[in-house]
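When we follow our numbering, the leftmost residue of the sequence shown carries the number 14, and every step to the right adds one.
Worksheet: one structure, shown below.
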Amino acid sequence: MYLEKLSLTDFRSYAQVDLTLAPGVTVLVGSNGIGKTNLMEPSATWPR
Numbered sequence: 014m015y016l017e018k019l020s021l022t023d024f025r026s027y028a029q030v031d032l033t034l035a036p037g038v039t040v041l042v043g044s045n046g047i048g049k050t051n052l053m054e055p056s057a058t059w060p061r
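Laid out in structure tokens, this is it:
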């Protein structure tokens, strides 16, 4: 199973974001404090 799309509205530092992800490894790169962790937090709360 893989994540195909991530859509966030009014979540932490994002007013609106829509990401379409390809199968395989995705790497988030950027300076400190720009919201990389904020993008991944919703997946941590999903049921396993």
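Note that CB positions come from ideal geometry on N, CA and C, so glycine has one too.
Since this is a predicted model, take the numbers as computed values, not measurements.
Alpha-carbon to alpha-carbon, residue j and residue i
{"i": "M53", "j": "M14", "result": "16 Å"}
{"i": "W59", "j": "Q29", "result": "20 Å"}
{"i": "L16", "j": "P55", "result": "12 Å"}
{"i": "P36", "j": "I47", "result": "24 Å"}
{"i": "G43", "j": "A57", "result": "20 Å"}
Sheet register partners of residue i (DSSP bridge)
{"i": "D31", "result": "S20"}
Supposed contact pair residue j and residue i - C-beta distance, whole angstroms, cut 8 Å
{"i": "L21", "j": "Y27", "result": "5 Å"}
{"i": "K49", "j": "L32", "result": "With 8 Å as the limit, K49 and L32 do not qualify as a contact, their Cβ atoms being about 12 Å apart."}
{"i": "N45", "j": "F24", "result": "Not really, about 19 Å apart at Cβ, beyond 8 Å."}
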